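Here our numbering is used: the first residue of the sequence shown is 697, the next is one more, and so on. Every residue, glycine too, gets a C-beta built ideally from N, C-alpha and C. Because the structure is a prediction, the values reported are computed rather than measured.
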Amino acid sequence: MITKNELKYFASLNQKKFRRLENKFLAEGEKIVSEGLSSGFPCEIVLTTNDFINGNDNLIKVIKKRYIRLEVIKNQEFEKISDTKSPQGIAAVFETRKNKFEQDIFTKGNIIVYLDNISDPGNAGTILRTCDWFGIKSVLLSRNSADHLNPKVIRSSMGSIFHLNILENADKYLQLLKEKSFKLICSNLDGMNIFKYNKPGKSVLVLSNESSGPSPEILRMAEEMITIPGKGKAESLNVASAAAIILAELTKG
């Protein structure tokens with residue numbers, strides 16, 4: 697049985713200040729909840745509707761087998777906690793993982809991705825999904841980038857947030873990475889053709905806001921610039937699209 701106060705608590709997790717206060721976040725949708733459960737993130741509760749239960753026996757069995765608290769609520773109640781216009785009828789509250797900048801970040805793959813002022817949640821989530829696809833292990837977020845536990849970021853990532861080592865407010869780590877022989881590579885319109893670029897060893901790929909470009913600090917620290925040459929009249933590529941092309945090139949072979 698869910699109380700009104702609990703419903704308010706679940707709904708509050710759609711806001712950053714309450715996620716930080718509680719060290720919890722709400723993940724919504726069958727695919728995303730499944731990814732969270734399979735990744736080993738501690739789960740406090742799963743909320744679902746009768747409509748969802750009736751057509752998803754396998755997932756419900758997994759939840760019950762793991763002895764996770766499962767509560768069935770009315771559709772109207774689910775809409776109060778949902779961040780989507782057409783909710784699927786399942787959501788879960790997970791504990792926030794305390795990712796740290798530890799020694800193993802230097803050995804988990806040769807490429808680290810850094811998001812430089814990527815404030816749009818849809819772009820941020822899509823980039824995280826792309827990083828997961830290409831085997832990137834660690835993603836660093838600048839202080840002005842979108843919160844990776846924002847519901848829209850989680851949704852756009854399709855659950856990839858559960859598979860990545862993501863560090864927020866990571867501006868301070870760039871110099872340390874350079875000292876550890878990571879080359880800072882920045883995506884910029886004035887850069888070298890990515891299709892002719894000689895792939896480096898350990899590197900930090902910086903992806904910036906396509907409208908404002910790389911931040912002054914990044915321009916100062918970057919050792920190399922790369923770009924995707926265009927042939928049409930568009931001023932630039934969407935940063936999430938650019939991320940997919942660049943990572944495909946840097947990780948091939």
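(1) For the region 784-846, list the alpha helix (DSSP H) runs that are entirely contained and at least 4 residues long, ordered along the chain.
(2) Exposed or buried, R839, counting other C-beta atoms within 10 Å across all chains shown (16 or more means buried)?
(3) Is R825 buried or exposed, if buried means 16 or more other CB atoms sit within 10 Å of its CB?
(4) Residues in its own chain within less than 8 Å of M917 by CB, not counting five upstream and five downstream?
(5) Which value, in whole angstroms, describes the spacing of the CA atoms of R793 and K948?
(6) How far does the beta strand (DSSP E) with E920 in it reach, from first residue to last?
(7) With a threshold of 8 Å, are at least 3 pairs of Cβ atoms found where one atom belongs to the region 702-711 and the other to the region 778-792?
(8) In whole angstroms, what is the alpha-carbon distance linking D816 and N865?
(9) Could you give the distance in angstroms between the alpha-carbon of D828 and the alpha-carbon of L860?
(10) Under the three-state reduction of DSSP, which class applies to I850: helix, strand or coil?
Inspection of the coordinates gives the following:
(1) 817-829
(2) exposed
(3) By the 10 Å Cβ count, R825 comes out buried.
(4) L870, Q871, K874, L880
(5) 30 Å
(6) 920-923
(7) yes
(8) 16 Å
(9) 7 Å
(10) helix
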